[in-house]
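Notes follow the structure.
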Amino acid sequence: MSAATAAAYLESIHHLILWSGYMTSTVSDHYANHLGPIYSWMVGDFHTASASMSDYFDHIGITTNSSGCAIDLGCGHGVQTIPLAELGLRVVALDTCQHLLDELETKAEGLQIQTVHDDLLTFTNYIHEPIETIVCMGDTLTHLESQDQVFQLIKKAVEALAPNGILCLSFRDYTTNELKGDARFIPVRSDEKRIHTCFLEYQPDFVCVHDILHTKASDGWEMSVSSYSKLRLSPNDVEQAAKDQGLQLINRFEKRGMIYLAFQRNSEENVAQ
């Protein structure tokens, strides 16, 4: 594609987005109707992604110690769930997208995985014992409606964790290095049949994510666009919220704009009242 053609393409997409305004979908509708069916393609090779998570869990010391139970919040098609289950943990895998849960179940044969179709903050309805490990990764945390809901989820997680239990969070940092102009168009993945591009529009408390998908048809390319909002979470604020609940930070790093935070609950006395 020539530079002139690329510029014209970006301009046409920009006009389309401006014309459509902020008619965003809910997260669950966005995934059910747009992202869910292409999510595994978008992520890429599953075994590579899950192996990376397995290495991360090993690095921060996730093992089977007491209850042998873990929770994966916003589990998707199982990039975190499968490595946790392969450690011998019984995993409750919760997501709002049934399509992704169905994909996960095809990978779960022989593993102790219970899939749950529900909202993130309901996870305590599905646990009946202290939990060794809770993970909420892959930018899921930004899908909540407010920072207060994020802090509420952290509080619920702390209350559910067993002593020495681990909470892992990851999310994209939209609060620093705000993209400008054409840099807001982000190529996600493409092949001979699909082209997936994101366009970001920043607001004070959230970023509107426009997922633009071009699919090759018999008579040309078909375009579909769906938009939803993600929270602009400060990594330091999230870290402090966890510490305020008595958790100890055991690992923090950034990789390509994604923040990874791992905390440990040391004892019953550490939980804030």
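For the sequence shown, position 262 matches number 262 in UniProt numbering, and the numbering has no gaps at all.
All C-beta atoms in this analysis are idealised placements derived from N, C-alpha and C, irrespective of residue type, glycine included.
Residue i - partner residues in DSSP beta bridges
| i | result |
| --- | --- |
| residue 57 | Beta-bridge pairing links residue 57 to no other residue. |
| residue 214 | 195, 223 |
| residue 151 | Answer is none; residue 151 lacks a bridge partner. |
| residue 180 | Residue 180 pairs with nothing; no bridge assigned. |
| residue 117 | 95 |
| residue 200 | 209 |
| residue 90 | 69 |
Length of the line joining the Cα atoms of residue i and residue j
| i | j | result |
| --- | --- | --- |
| residue 255 | residue 217 | 36 Å |
| residue 118 | residue 92 | 12 Å |
| residue 130 | residue 214 | 45 Å |
| residue 263 | residue 76 | 22 Å |
| residue 244 | residue 157 | 13 Å |
| residue 170 | residue 141 | 7 Å |
| residue 46 | residue 159 | 32 Å |
| residue 51 | residue 146 | 32 Å |
| residue 220 | residue 72 | 40 Å |
| residue 267 | residue 239 | 19 Å |
| residue 223 | residue 194 | 10 Å |
| residue 204 | residue 178 | 11 Å |
| residue 1 | residue 41 | Because residue 1 carries a pLDDT of 44, less than 50, the predicted location of this residue cannot be relied on, and the following value inherits that uncertainty. Cα-Cα distance, rounded: 23 Å. |
| residue 278 | residue 83 | In this structure the chain extends from 1 to 273, so residue 278 is not present and cannot be described. |
| residue 164 | residue 246 | 12 Å |
| residue 153 | residue 121 | 6 Å |
| residue 151 | residue 125 | 18 Å |
| residue 241 | residue 144 | 15 Å |
Cβ-based neighbour list, residue i, same chain, cut-off 7 Å, excluding 5 preceding and 5 following
| i | result |
| --- | --- |
| residue 89 | 64, 68, 69, 70, 132, 133 |
| residue 49 | 43, 79 |
| residue 274 | This structure leaves residue 274 out entirely; the chain is present only between 1 and 273. |
| residue 62 | 87, 133, 166 |
Contacting residues, own chain, Cβ-Cβ under 8 Å from residue i (five flanking each side not counted)
| i | result |
| --- | --- |
| residue 21 | Only weak support exists for where residue 21 lies, its pLDDT of 49 falling under 50; the value from the coordinates is given anyway. So the list is empty, once near-sequence residues are dropped. |
| residue 37 | 99 |
Element boundaries [alpha helix (DSSP H), containing residue i]
| i | result |
| --- | --- |
| residue 99 | 98–107 |
| residue 187 | No alpha helix (DSSP H) holds residue 187; the beta strand (DSSP E) holding it covers 185–190. |
| residue 292 | Residue 292 lies beyond the range of the chain shown here (1 to 273); nothing can be said about it. |
| residue 258 | Segment 258–264 is the beta strand (DSSP E) holding residue 258; no alpha helix (DSSP H) there. |
Range covered by the beta strand (DSSP E) that runs through residue i
| i | result |
| --- | --- |
| residue 72 | 69–73 |
| residue 129 | It is not in any beta strand (DSSP E) - residue 129 carries neither H nor E in the DSSP assignment. |
| residue 162 | 161–172 |
| residue 277 | Nothing can be reported for residue 277, as the shown portion of the chain is limited to 1 through 273. |
Any C-beta of chain B under 9 Å from that of residue i
| i | result |
| --- | --- |
| residue 164 | Here chain B cannot be found, since the structure has a single protein chain. |
Cut-off 6 Å between Cβ atoms - residues of its own chain near residue i, not counting five sequence neighbours on either side
| i | result |
| --- | --- |
| residue 201 | 208 |
| residue 175 | 232, 234 |
### Message
Does the structure place the segment 27–39 close enough to the segment 53–61 that three or more beta carbon pairs sit under 8 Å?
### Response
no
### Query
Are the segment 195–209 and the segment 228–245 touching by the rule of at least three beta carbon pairs closer than 8 Å?
yes
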